[in-house]
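K.L.:
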Amino acid sequence: METIIEYFETIPSSHRSLILVSGITFFWLLEYAVPLFKFDYKKFRHAWPNIFFTLTTIVINFMLAFILLKTSDWTVRNDFGLLQWLDLPLWATVILGVMLLDLIGAWLAHWVQHKIKPLWMFHLIHHTDNHVDTTTANRHHPGESVIRFIFTTLGVFVLGAPVGIILLYQSLSVVLSQFNHANIVLPKKVDTLISYLIVSPDMHKVHHHYVLPYTDTNYGNIFSIWDRLFGTFSTIRNEELVYGVDTYPDVDSNSKIAILLKLPFGRYRAPEGAKFEGTTDTANKQTVS
C-alpha cells in the first residue's frame, strides 16, 4: 500500500492522461465486442461532444488543481481533518479516504445537483445523452466541472486527505465512471454481485432512464454502498431503459456543442409537441443485444 501511495504522490501528468485515454480506449473497444444496446447511431459522431466536454473538464481541473493541492497541504501541515485525527494503519487510512472522497466529491455532489434547480441545469447536459456509452462518463458542462471540483475540495478539507490519496481517488473515479457508463453487458449474476461493492454498468444505467423516479436514484460513482445506505438504490430491466430526459426530448447525443453550452442558461426551448414515445425502439432506436 505504501508503494501505491508513494506512486500517486508523484504521479506524472502523462501517466494520469494515459489512465484516462487507456480507459476510454479499452471500454470503447469492449463496446464493439459485448454491447448492451445495438444503437442506430454513428459512434464517432456521437463521441465528439462528449470528447469536447472531457477536454474542458481536464482544462478546468488543471487550472484549479493548485487549490486542491494547497488545501491538502494545509490540512496535513496543521494536522486537520478526519484522516489526520484518526490513528489508523496506512491501508485503513487509504480505504477510508477513498471511500469518503467518493461520498463527498461524487455521491453528494451528484445528489445536490439533482435537488437544486440551477445546479441541475448544468448537470442536465450529462443526462441529455440518449446513447449512453463510455464517452458519456465525462460529458459535463464546464459549470458542472467547477461544481464537482468544489465538492472534491470540500472533501479534501473535511478529511485532511494527503495528495497521494486524492490522486488515487481521482484515478479510480475516472476508470470506474468509464466502466459503469460503458455500453457493455455483463452476465447478470456478475453485474449484480459486483453491484454490492462498486457501481456496475446495469446499476448506473438506471440513473440515465429518462423519467423520474429513476433519474433520482443510483447516484454513486465508485462505491454502491452510498445509494444502498441512503435509500437511493433502484433497479430496472435493461429492456425498459430509455436514455435521455423527458423534459428535453429532442436534445440528443449529437446536439451541437453550442446548444449544450447554452442549455443551463435557459436559451433552449423544446419544440411544441416534442416527446418521447416511451419505448426503447422508438425513443432511442436501440435494441438489447
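Last residue of the sequence shown: 289 in this note's numbering, with the numbers rising by one and none dropped.
We put the beta carbon where it would ideally sit given N, CA and C, even for glycine.
All figures in this text were calculated on a predicted structure; none of them were measured in a lab.
Here's the rule I'm using: 16 or more other beta-carbon atoms within 10 Å means buried, otherwise exposed. How should Trp-107 be labelled?
P.N.:
Looking at its Cβ environment, which holds 16 or more other Cβ atoms inside 10 Å, Trp-107 is buried.
K.L.:
Nearest to Tyr-7 by alpha carbon, out of Thr-232, Leu-55, Asp-79, Ile-165?
P.N.:
It is Ile-165.
K.L.:
Starting from the C-beta of Val-34, find all residues in its chain whose C-beta is less than 6 angstroms away, skip the five residues before and the five after it, and write them out in chain order.
P.N.:
Hits under 6 angstroms: Ile-184, Val-185.
K.L.:
Going by the beta-carbon positions, is the gap between Gly-155 and Gly-105 smaller than 7 angstroms?
P.N.:
Yes.
K.L.:
Is there contact here, the segment 156-176 with the segment 8-19, by at least three beta-carbon pairs under 8 angstroms?
P.N.:
The answer is yes - the segment 8-19 touches the segment 156-176, with three or more Cβ pairs under 8 angstroms.
K.L.:
Let's test the definition: count the other Cβ atoms within 10 Å of the Cβ of Thr-3 and tell me whether it reaches 16, buried, or not, exposed.
P.N.:
By the neighbour-count rule (16 or more Cβ atoms within 10 Å), Thr-3 is not buried but exposed.
K.L.:
How would you call Asp-102, buried or exposed, if buried means at least 16 neighbouring beta carbons within 10 angstroms?
P.N.:
With 16 or more Cβ atoms within 10 Å of its Cβ, Asp-102 is classed as buried.
K.L.:
From the DSSP output, which residues share a beta bridge with Pro-35?
P.N.:
Ile-184.
K.L.:
Should Gln-20 and Val-199 be called a contact, given that it needs their Cβ atoms to be closer than 7 angstroms?
P.N.:
First, the amino acid is wrong: residue 20 is Leu here, not Gln. For Leu-20 and Val-199, no; Cβs fall outside 7 angstroms.
K.L.:
Can you tell me where the alpha helix (DSSP H) holding Asp-227 begins and where it ends?
P.N.:
Counting along the chain, the alpha helix (DSSP H) containing Asp-227 begins and ends at 225-229.
K.L.:
Going by DSSP, what residue range makes up the alpha helix (DSSP H) through Pro-213?
P.N.:
Pro-213 -> no alpha helix (DSSP H), and no H or E assigned at all.
K.L.:
Smallest Cα separation from Val-76: which of Phe-157, Asp-40, Pro-187?
P.N.:
Measuring from the Cα of Val-76, the nearest candidate turns out to be Phe-157.
K.L.:
Mapping DSSP to helix, strand and coil, what is Tyr-243?
P.N.:
DSSP places Tyr-243 in strand when its eight states are reduced to three.
K.L.:
Using a threshold of 7 angstroms, state whether the C-beta atoms of Asn-138 and Tyr-243 are closer than that.
P.N.:
Going by C-beta atoms, Asn-138 is not nearer than 7 angstroms to Tyr-243.
K.L.:
Take the Cβ of Ala-92 as the centre, count every other Cβ of all protein chains shown within 10 Å, and call the residue buried at 16 or more, exposed below.
P.N.:
With fewer than 16 other Cβ atoms within 10 Å, it is exposed.
K.L.:
Would you mind sorting Asp-227 into buried or exposed? The rule is 16 or more other CB atoms within 10 Å of its CB.
P.N.:
Buried: at least 16 other Cβ atoms inside 10 Å.
K.L.:
Cutting at 8 angstroms between CB atoms, please list the residues of its own chain near Asn-221, excluding the five before and the five after it.
P.N.:
Once the five neighbours on either side are set aside, the close Cβ partners of Asn-221 are Asp-102, Ala-106, Trp-107, His-110, Ser-173, Leu-176, Ser-177, Asn-180, Val-199.
K.L.:
Any chance you could list the alpha helix (DSSP H) runs of at least 4 consecutive residues sitting entirely within the segment 71-116, in chain order?
P.N.:
Segments of the alpha helix (DSSP H) lying fully in the segment 71-116: 82-85, 90-102, 109-115.
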